[in-house]
Amino acid sequence: MAKADRPGPWRRFLALPNDSRTKTIAVAFAVSATCAILVSAATVYLRPIQTANRAAEEQARIESLVRGIPGMSALLERSGGTLSTVVIDLDRGRAAETVTPVTLEAALADPANWTTLGPGEDLAGLGQRPDYAQVFLLRDGEDVSLVLLPISGAGYNGRIDAALALTGDMNTIAGLSITSQSETPGLGARIEEEAWLSDFPGTRTRDDSGTLRFTVARGSAGSVYEVDGITGATRTSNAMTRIIRFWLGPDGYEPFLNAVRRGEF
Amino acid sequence: MAGRPHLLSILTAPLLRENPVTLQILGLCSALAVTTSLATALTMSAALTVVVTLAAGIISVIRRHIPDAIRLIVQIVIIASLVIVIDQVLQAFFYEISRALSVYVALITTNCLVLGRTESFARSNPPIPAMTDALGNGLGYSLILVVIGAVRELFGQGTLLGVGVLPLAEEGGWFTPLGLMLLPPSGFFLLGGLVWAIRSVRTEQAEAAEFGPAAPTEAAE
Numbered sequence: 002m003a004k005a006d007r008p009g010p011w012r013r014f015l016a017l018p019n020d021s022r023t024k025t026i027a028v029a030f031a032v033s034a035t036c037a038i039l040v041s042a043a044t045v046y047l048r049p050i051q052t053a054n055r056a057a058e059e060q061a062r063i064e065s066l067v068r069g070i071p072g073m074s075a076l077l078e079r080s081g082g083t084l085s086t087v088v089i090d091l092d093r094g095r096a097a098e099t100v101t102p103v104t105l106e107a108a109l110a111d112p113a114n115w116t117t118l119g120p121g122e123d124l125a126g127l128g129q130r131p132d133y134a135q136v137f138l139l140r141d142g143e144d145v146s147l148v149l150l151p152i153s154g155a156g157y158n159g160r161i162d163a164a165l166a167l168t169g170d171m172n173t174i175a176g177l178s179i180t181s182q183s184e185t186p187g188l189g190a191r192i193e194e195e196a197w198l199s200d201f202p203g204t205r206t207r208d209d210s211g212t213l214r215f216t217v218a219r220g221s222a223g224s225v226y227e228v229d230g231i232t233g234a235t236r237t238s239n240a241m242t243r244i245i246r247f248w249l250g251p252d253g254y255e256p257f258l259n260a261v262r263r264g265e266f
Numbered sequence: 109m110a111g112r113p114h115l116l117s118i119l120t121a122p123l124l125r126e127n128p129v130t131l132q133i134l135g136l137c138s139a140l141a142v143t144t145s146l147a148t149a150l151t152m153s154a155a156l157t158v159v160v161t162l163a164a165g166i167i168s169v170i171r172r173h174i175p176d177a178i179r180l181i182v183q184i185v186i187i188a189s190l191v192i193v194i195d196q197v198l199q200a201f202f203y204e205i206s207r208a209l210s211v212y213v214a215l216i217t218t219n220c221l222v223l224g225r226t227e228s229f230a231r232s233n234p235p236i237p238a239m240t241d242a243l244g245n246g247l248g249y250s251l252i253l254v255v256i257g258a259v260r261e262l263f264g265q266g267t268l269l270g271v272g273v274l275p276l277a278e279e280g281g282w283f284t285p286l287g288l289m290l291l292p293p294s295g296f297f298l299l300g301g302l303v304w305a306i307r308s309v310r311t312e313q314a315e316a317a318e319f320g321p322a323a324p325t326e327a328a329e
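Protein sequence lines, in the order shown, are assigned to chains A and B. Using my numbering, the letters of the first sequence map in sequence onto residues 2 to 266. Using my numbering, the letters of the second sequence map in sequence onto residues 109 to 329.
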């Protein structure tokens, strides 16, 4: 482009002494602009792949967490769908705005995030209840097909931790898994046994009017709302009734379950 | 001066004779941090080699137009941008390994080896020799990382690239992993041993003692 006798502006610019102020500023600007474009292009172009990677890792983490709950992985395979996790605000029954699965532990270290339960409310013998809980949702398309709720409470000898799975109607129990317990071996400790736990799937928790009807029966189950009691372990059986009733009740997951039924999740 | 032999010697000199890690003791931080397994060492080596080669090429192309007053910052901006791009690529396509490398990929920016090559060689040589020199230095760095990474993984976990090589005692074999190998100090030990071994064979690399008992003749100055 440049005429032979008069060099173009580009050549004249390149011919400037390197230490002239114009050239210093121009080179600095050109280098920064080129690098900015390079970095932005790489970031924008690769972001979707990176997001997918992070999501896959999060998914793997959740799945390994759920697989750690005995009996739940088989249930998940039967149900199908994608697993996700959410921290819910128990009182409001909604996804917590400020707490994430990562910050949950720190949030629960703060006594302000616990609610003290009065004697009448405290069916599960907990004394106090966290305001946030991490639950797992299994989705089949848009609909929630299964929820996995961590529950806990006082047994006969000590604390019982469990995970309760409810099917998409938020009423039928899909399974129960005991994650830790210290009941009497051979008696109450049989709550861990498959023979007893296998009685839970299909059991209803509420009748058509919405009244909580779930009970661990004394002896054999007499209705669709009952599971068989454990012989010789009445106290543990009753504790399981109270724990499940508490967590399905208004101080437990009821607001959340209602929200799921309304299709808010 | 010109021709292939010259380029070849530029390429091979940094492998052992002027190895950036063992002779110049550059880029140690990352060399120690990422060598707990062979896979991370290889990825880090590849990332650094690519960065140093590209940076040398770019800087060599514009070497006549870099104002002296801002030459370091221009070089660092170019290196940093390349590093960010490489880091993004790793996060996109080698996610597991990029997590294992964590911040060390980003720290290539401050790796003395990279700036050392661009400042001392690329800035005063045409692109082809500059890139050859950078590639050679990258490979020299890689060589050390791979050797240390292989030794640490082999004796720390009994595996190489995640494949079992030595039968572990807990699985019925005879090999008990050396936990120390996975800790940072072992990186120092191995690197020190390597430097000593290379300098024992190539005595010209050994440095004169800087501090020692004063010789009687010097004391009488």
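Where is the CB? At the ideal position from N, CA and C, for every residue including glycine.
By Cβ distance, which residues of its chain are closer than 6 Å to B/A230, with the 5 residues on each side in sequence left out?
If we look at B/A230 and ignore the five residues flanking it on each side, its Cβ neighbours are A164, I167, S168 and A238.
Please list the residues of the segment 15 to 35 of chain A that have a C-beta atom closer than 7 Å to any C-beta atom in chain B, keeping them in chain order.
Within the segment 15 to 35 of chain A, the residues whose Cβ lies closer than 7 Å to some Cβ of chain B are L15, N19, D20, K24, T25, V28, A29, V32 and S33, listed in chain order.
Would you tell me roughly how many angstroms separate the C-alpha atoms of A/V136 and A/L147, rounded to the nearest one?
11 Å
Counting only C-beta atoms, is B/Y203 closer than 8 Å to chain A at any point?
yes
Alpha-carbon to alpha-carbon, A/A42 and A/T35
Going from the Cα of A/T35 to the Cα of A/A42 covers about 11 Å.
Any chain A beta carbon closer than 8 Å to B/P293
no
Identify whether A/A3 lies in helix, strand or coil by the three-state DSSP scheme.
With a pLDDT of only 41 at A/A3, under 50, the local geometry of the prediction cannot be trusted, and no value is derived from it.
Three-state secondary structure (DSSP) of A/Q129:
DSSP places A/Q129 in strand when its eight states are reduced to three.
With distances taken between CB atoms, is the gap from B/L247 to B/T157 smaller than 8 Å?
yes
Based on Cα-Cα distance, which residue from B/F297, B/M289, B/L162 and B/V309 lies nearest to B/T144?
The shortest C-alpha separation from B/T144 is found at B/M289.
Tell me whether the segment 106 to 121 of chain A and the segment 138 to 158 of chain A touch, counting them as touching only if at least three CB pairs, one residue from each stretch, are closer than 8 Å.
no
Whole-Å CB distance - B/A155 paired with B/I216, under 8 Å assumed
6 Å
On the criterion of 16 or more Cβ atoms from any shown chain inside 10 Å, does B/R225 qualify as buried, or is it exposed?
buried
Are at least three pairs of beta-carbons, each pair with one atom in the segment 43 to 61 of chain A and one in the segment 195 to 206 of chain B, less than 8 Å apart?
yes
Rounded to the nearest angstrom, what separates A/Y254 and A/V45 at their Cα positions?
Taking the straight line from one Cα to the other gives about 41 Å.
Determine the contact status of B/T120 and B/I252, defining contact as a CB-CB distance below 8 Å.
no
Can you pull the chain A neighbours of B/P175, defined as C-beta to C-beta under 7 Å?
In chain order: N19, D20, K24, T25 and V28.
Using a Cβ cut-off of 7 Å, pull out every chain B residue sitting near A/V40, in sequence order please.
For the C-beta of A/V40, the chain B residues within less than 7 Å are, from N- to C-terminus, S189, I192 and V193.
So the alpha helix (DSSP H) A/I89 belongs to, where does it begin and stop?
Where A/I89 is concerned, there is no enclosing alpha helix (DSSP H), although the beta strand (DSSP E) it sits in stretches over T83 to D90.
Helix, strand or coil: how does DSSP classify A/R207 here?
strand
Would you call B/E261 buried or exposed, if buried means 16 or more other Cβ atoms sit within 10 Å of its Cβ?
buried
Check A/S183 in the structure and name its three-state DSSP category.
coil
Can you give me the C-alpha to C-alpha distance between B/G266 and A/T86, rounded to a whole angstrom?
37 Å
Less than 8 Å between the C-beta atoms of A/G154 and A/R236, yes or no?
No, the Cβ-Cβ distance between A/G154 and A/R236 is not below 8 Å.
Residue from A/L84, A/T232, A/E78 and A/Q129 with nearest C-alpha to A/E59:
It is A/L84.
Quick one: measure Cβ to Cβ for A/I89 and A/L165, integer angstroms, because I've assumed they're closer than 8 Å.
Contact doesn't hold; Cβ gap of about 14 Å is too wide.
The segment 292 to 306 of chain B / the segment 172 to 182 of chain B touching (three or more Cβ pairs under 8 Å):
In short, these stretches do not touch, since the Cβ pair count stays below three.
Below 8 Å between beta carbons: does that hold for A/S221 and A/D229?
yes
Please list the partners that A/A43 has in chain B, where partner means a Cβ-to-Cβ separation under 8 Å.
I192, V193, Q196 and V197
Taking all protein chains shown into account, do 16 or more other C-beta atoms lie within 10 angstroms of the C-beta of A/G9, making it buried, or fewer, making it exposed?
Taking all protein chains in view, the Cβ of A/G9 is surrounded by fewer than 16 other Cβ atoms within 10 Å, so the residue is classified as exposed.
Whole angstroms are fine: how far does the CA of B/S308 sit from the CA of B/A314?
8 Å
8 Å is my cut-off, CB to CB: does B/A200 come that close to chain A?
yes
Cutoff 8 Å: B/I186 Cβ touching any chain A Cβ
yes
CB A/R140 to CB A/G82, shorter than 8 Å?
yes
List the residues of chain A whose Cβ lies closer than 8 Å to the Cβ of B/V182, in chain order.
V28, A29 and V32
For A/R22 and B/S117, what's the separation of their Cα atoms in angstroms?
40 Å
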